[in-house]
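One structure below.
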Amino acid sequence: MNKEKRGKEVVDRLKELGTDVYKDISKDKQPEMEMPLRDLSNVKYDDKEGFFDIIGKKKSRTLTASTIKTFAQTLKMMNLSKKLVETNDIATKRDAYYQSKGAWGPAGFTEQEESDAIMDDVEAMSGFNRERIGFIPDEDGSAVAGELVIIDRDPETNEEIKIDCARMGTGGYSVPANVEQFKFETKAKFILAIETAGMFSRLNYHKFWKKHNCIIISLKGVPSRATRRFIRKLSDDKNLPVYVFTDSDPYGFFNIYRTLKVGSGNAAHINRYFCVPRAKFLGVTPQDILDYKLPTHPLKE
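Each residue of the sequence shown is one higher than the one before, counting from -15 in my numbering.
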């Protein structure tokens, strides 16, 4: 699907949501907006799909005297999203917050946490991930190196740009906030996702990816949305297995590896875009310490 059609899908959906509110008002009904409940009580692990997913509970935002501001903020955020998509523009989460402070009058946000929550509601209502509705995260992605050519497009001319990740020097290619437009060329056999930037730099320095015909990606701790989406898209598009190398500790297992593989419980409504169910753990496990009699440094009281 080309970029124009993808944008039209988003705009049509946002218009549909706005029209529903307009129809309620036209019929003298109390307007309301329905959205998935973004709460752990509405999340379960889907064995078939391999990630955390929502179970179908909904919440309603009804226009009342006590919800006037929140209701208006939701409509304003939807309108901002529509304008961004129509003009092929983007805004960071921070940008959206500051725009509300200057142009939304009484509907402006007091804190960015309020803005982020409304943005997540619009994402959940629309059914599209935040990057497709014009908003990008404030944090950057991770570094990539190896046998991979990324095909991007110039935002002004739409000309094709080819980025060779085997020719990025010692630092690697930095994953941008939005990767939806990417296409890939590669003959690599697998993707290796690495917890620390230090280990990534070491493997890149010694050209591990060349010796083993692979693509290496630094996670920089718990992977950002951009990094997770990049790995998922690359893995799906080129049918590449994904291996995740983390430290042998609970944080590595339950935060870093789990978030990449099955997604986040707090963002279950969009996990289908941002997790990699086929990912497999690669590294030392606690059982390995016993099985292979590895040296340890017991903690002292």
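Glycine residues also receive a C-beta, built at the ideal position from the N, C-alpha and C atoms.
One or two residues paired with Glu144 in a DSSP bridge:
Here residue 144 refers to the residue found at position 160 when the sequence shown is read from its first residue. Arg137, per the DSSP bridge assignment.
Roughly how far, in whole angstroms, is the beta-carbon of Val106 from the beta-carbon of Met152, given that I think they are within contact range, below 8 Å? Position 122 of the sequence shown holds residue 106. Position 168 of the sequence shown holds residue 152. Taking a contact as a CB-CB distance under 8 Å, the pair Val106 and Met152 does not count as one, their CB atoms being some 35 Å apart.
- Message: Using C-beta distances below 6 Å, list every residue in its chain close to Phe216, excluding the 5 sequence neighbours before and after it, in chain order.
- Response: Sequence index remark: in the sequence shown, residue 216 carries index 232 (1-based). Correcting the residue identity first, residue 216 is Arg in this sequence and not Phe. Only Val260 meet the Cβ criterion.
Q | Distance CB(Cys198)-CB(Leu218) smaller than 8 Å | A | Residue numbering aside, residue 198 sits at position 214 when the sequence shown is read from its first letter. Residue numbering aside, residue 218 sits at position 234 when the sequence shown is read from its first letter. In this structure, Leu218 does not lie closer than 8 Å to Cys198 by Cβ.
Could you say which of Arg186, His281, Ala87 lies nearest to Ala127 if we only look at CA atoms? The sequence position of residue 127 within the sequence shown is 143, counting from 1. Restricting attention to Arg186, His281, Ala87, the CA atom closest to the CA of Ala127 is found in Arg186.
Using the C-alpha atoms, what's the distance from Leu244 back to Cys149?
-> Taking the sequence shown and counting its residues from 1, the one referred to as residue 149 is at position 165. Taking the sequence shown and counting its residues from 1, the one referred to as residue 244 is at position 260. A direct Cα-Cα distance of roughly 22 Å separates Cys149 from Leu244.
Within its chain, find whatever has a CB closer than 6 Å to the CB of Ile9; leave out the 5 residues flanking it on each side and keep chain order.
For the purposes of this step, residue 9 is taken as the residue at position 25 of the sequence shown. Hits under 6 Å: Pro15.
**Prompt:** What is the DSSP secondary structure of Val226, counted as helix, strand or coil?
**Reply:** The residue you call residue 226 lines up with position 242 of the sequence shown. Strand at Val226.
From the DSSP output, which residues share a beta bridge with Lys245?
Counted from its first residue, the sequence shown places residue 245 at position 261. DSSP output for Lys245 lists no bridge partner at all.
- Query: Which term fits Asp73, buried or exposed, when burial requires 16 or more other beta carbons within 10 angstroms of its beta carbon?
  - Reply: Residue numbering aside, residue 73 sits at position 89 when the sequence shown is read from its first letter. So Asp73 ends up on the exposed side.
### Query
Exposed or buried, what is Gln165 when buried is set at 16 or more other beta-carbons lying within 10 Å of its beta-carbon?
One-based indexing of the sequence shown puts residue 165 at position 181. Its Cβ having fewer than 16 others within 10 Å, Gln165 is exposed.
Exercise for review: Report the partner residues of Leu266 according to the DSSP bridge assignment.
Suggested key: On the sequence shown, position 282 is the one that residue 266 refers to. Residue pairing from DSSP places Leu266 in a beta bridge opposite Phe229.
- Query: Which term fits Leu224, buried or exposed, when burial requires 16 or more other beta carbons within 10 angstroms of its beta carbon?
  - Reply: As a first step, residue 224 must be located in the sequence shown, where it is residue number 240. Buried, since its Cβ has 16 or more Cβ neighbours within 10 Å.
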